[in-house]
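Numbering (our numbering), first residue to last: 4 to 456.
By construction, the Cβ of each residue, glycine as well, lies at the ideal position given by its N, Cα and C atoms.
Data first, discussion second: the structure below is written as structure tokens.
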């Protein structure tokens, strides 16, 4: 329904026609005022809001685990809530074959990823794992393969458990587990056939107390070095849809709030029309050739909170094409574009986070509230506001739009304030050394730092 006009009819008696799901109110003249909720609805909604707020405040881990489970089918929401968990100090950790349930499971101050979220691990294998676990925790890959045959847990499902970290507490070296998988499954299958035929193993005659010795006899391959952290993250992303044990951008998560205060998950609801900044990871690149023969690209970007589509038009593509690589960590500048109910980011410029710098200036509380001092600060950063397009000297300090060289943000550390303050884009500078020197000559205490140290 869409309201096309409104007109006040004053105070009138209404009659609830009592539909099963929606309450529509009938006026004396026969008109229906649709979806006019009465006070009982308001009370109910208020009470539910109070209950959820109480649970979140007093049982945050359990509350967030239930919330994540309730939206487990919506990847965007799950990623956003995982980011919320991180901001609340709650870790969402990889699944564990001995502790994880089907859904997200609270454990202390952590939330275990649910087994149902792992690709290639269906309902049957999960049920078999939970059933077998009732006889005791799994102690090794050999124990797991021995207690669950290949009909219950096939090789593809075992690979998914290993690559998502579900067996890390049994053997932290995921590469070693992958190398041992084939011969361990063959050993478990052969052992099961021997037991079924009555042959057994010499250790089987000593009863269950010798079970550990039996598993010790399971064959293993030569020890190998574990996967790199980047390779582990790639596997987790592929099988879970998220980076769980870590995130390529976690190293800059605190700085990102200053450098790029907008989250990608907030872009669809943002009212910002000027240049916005974001620190993001390139997930996917699709190059496109226009009718004129120019090259452009459509990117899928991700940060700690979610993902969004970004467009690099030909003019920008020519200057940033050398940076367009999958898994590249970038600081991007762009404008939010809304068209046909679709929101995307139009990229204006980008820069590797390893080369991003920020200028830090220290201010007393008196200086921060003194207009004359702030004007001196602005003048030091922006000595030639009308000298717009040259890249020489300090000429570009006054421009609001980022150019080929990128922009360097200015961060203010104000006395007795626990948080740093990012100055507006009009204060951003082209060269950190020149800006710091200008600030020091103006009597300010200033330094510059790298975003990634």
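{"Check": "Touch test, the segment 162-173 against the segment 92-99, Cβ-Cβ under 8 Å, three pairs minimum", "Outcome": "yes"}
{"Check": "Runs of beta strand (DSSP E) wholly within the segment 307-350 (minimum 3 residues, chain order)", "Outcome": "310-315 and 332-342"}
{"Check": "Anticipated Cβ contact below 8 Å, residue 317 with residue 298, distance rounded", "Outcome": "6 Å"}
{"Check": "The segment 433-449 contacting the segment 334-354, beta-carbon criterion three pairs below 8 Å", "Outcome": "no"}
{"Check": "Own chain partners of residue 382 with C-beta closer than 8 Å, once the 5 adjacent residues on each side are dropped", "Outcome": "445"}
{"Check": "Under the three-state DSSP convention, the category residue 160 falls into", "Outcome": "helix"}
{"Check": "Residues of its chain near residue 74, where Cβ-Cβ distance is below 8 Å and the 5 sequence neighbours each way are ignored", "Outcome": "80, 81 and 84"}
{"Check": "Span of the beta strand (DSSP E), counted from its first residue to its last, around residue 3", "Outcome": "Because the chain spans 4 through 456 in this model, residue 3 falls outside it and cannot be assessed."}
{"Check": "Inter-residue spacing [alpha-carbon to alpha-carbon] between residue 252 and residue 428", "Outcome": "23 Å"}
{"Check": "With 16 other Cβ atoms within 10 Å as the buried cut-off, status of residue 2", "Outcome": "There is no way to answer for residue 2, as the model of the chain reaches only from 4 to 456."}
{"Check": "Alpha-carbon spacing of residue 349 relative to residue 277, whole angstroms", "Outcome": "11 Å"}
{"Check": "For residue 244, the nearest candidate out of 48, 52 and 119 (CA to CA)", "Outcome": "119"}
{"Check": "Residue 173 - DSSP class collapsed to helix/strand/coil", "Outcome": "coil"}
{"Check": "Completely contained beta strand (DSSP E) runs for the segment 39-96, where each covers 3 or more residues", "Outcome": "94-96"}
{"Check": "Residue from 369, 227, 302 and 238 whose Cα sits closest to the Cα of residue 286", "Outcome": "302"}
{"Check": "Boundaries (first-last residue) of the beta strand (DSSP E) holding residue 289", "Outcome": "279-292"}
{"Check": "Three-state class that DSSP yields for residue 420 in the structure shown", "Outcome": "coil"}
{"Check": "Contact check, residue 163 vs residue 242, beta carbons under 7 Å", "Outcome": "yes"}
{"Check": "N-terminal and C-terminal residue of the alpha helix (DSSP H) that residue 439 is part of", "Outcome": "435-444"}
{"Check": "As assigned by DSSP and simplified to three states, the class of residue 415", "Outcome": "strand"}
{"Check": "Three-way DSSP call (helix, strand, coil) for residue 352 in this model", "Outcome": "strand"}
{"Check": "Cut-off 6 Å between Cβ atoms - residues of its own chain near residue 537, not counting five sequence neighbours on either side", "Outcome": "Nothing in the structure corresponds to residue 537, since the chain is present only between 4 and 456."}
{"Check": "According to DSSP, residues forming a beta bridge with residue 254", "Outcome": "For residue 254, which the question treats as bridged, DSSP gives no partner whatsoever."}
{"Check": "Which of helix, strand or coil DSSP assigns to residue 110", "Outcome": "strand"}
{"Check": "Any 3 or more C-beta pairs closer than 8 Å across the segment 128-145 and the segment 96-115", "Outcome": "yes"}
{"Check": "Alpha carbon of residue 328 to alpha carbon of residue 46, nearest angstrom", "Outcome": "53 Å"}
{"Check": "Backbone CA spacing between residue 211 and residue 86 [nearest angstrom]", "Outcome": "Since pLDDT at residue 211 reaches only 49, below the 50 mark, its modelled position is unreliable, and the value read off the structure follows with that caveat. When rounded, the distance between both Cα atoms is 45 Å."}
{"Check": "Closest by C-alpha distance to residue 321, when choosing among 115, 283 and 291", "Outcome": "291"}
{"Check": "Cβ-Cβ distance between residue 270 and residue 319 below 7 Å", "Outcome": "no"}
{"Check": "Close beta carbons around residue 447, own chain, < 6 Å, minus the five adjacent residues each side", "Outcome": "364"}
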